[in-house]
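*Asks:* One structure, pasted below without further comment.
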Amino acid sequence: MKKMPCLSALLAALALSACHNGAVDYPELLPTQQILAEPTLPEHSGEAAQDPDSTQAETVARAEALRRKAEALNVPVIEPATKARMTEVSAQ
1 MKKMPCLSAL LAALALSACH NGAVDYPELL PTQQILAEPT LPEHSGEAAQ
51 DPDSTQAETV ARAEALRRKA EALNVPVIEP ATKARMTEVS AQ
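For reference, each letter of the sequence shown is one residue, going 1 to 92 in UniProt numbering.
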């Protein structure tokens, strides 16, 4: 029966935490016509719309550069000499 006061206090705390002063607004609903409308390109995408091949080439080049950079970072964190000492100590 000792658990009942703790459980009651927990339930009361949960009930009170659910009550708030409406600080969080409900999101505004959009009209159906706006939801179903065809998407439009943003204003900053004019260059990509005019020359999609160039944009694609730049994107691929950037991705390849990032892959090369990631590959260069793919090295052991612990130097081989340090790792050998660690292995030696842990074997003792």
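The beta carbon of each residue, even a glycine, is placed where N, CA and C say it ideally should be.
Quick one, are the C-beta atoms of Thr-55 and Ala-48 less than 8 Å apart?
*Replies:* yes
*Asks:* Runs of 4 residues minimum, wholly inside the UniProt region "Disordered" (37-56): which ones carry the alpha helix (DSSP H) assignment?
*Replies:* 46-50
*Asks:* Would you kindly work out how many angstroms separate the C-alpha atoms of Ala-13 and Leu-30, rounded to a whole number?
*Replies:* Put simply, the backbone Cα of Ala-13 is about 36 Å away from that of Leu-30.
*Asks:* Residues in its own chain within less than 8 Å of Leu-36 by CB, not counting five upstream and five downstream?
*Replies:* none
*Asks:* For Met-86, collect the residues of the same chain with a Cβ closer than 8 Å to its Cβ; drop the 5 residues on either side in sequence, then sort them by chain order.
*Replies:* Non-local beta-carbon contacts of Met-86 in its own chain, meaning distances under 8 Å to residues more than five positions away in sequence, involve Ile-78 in chain order.
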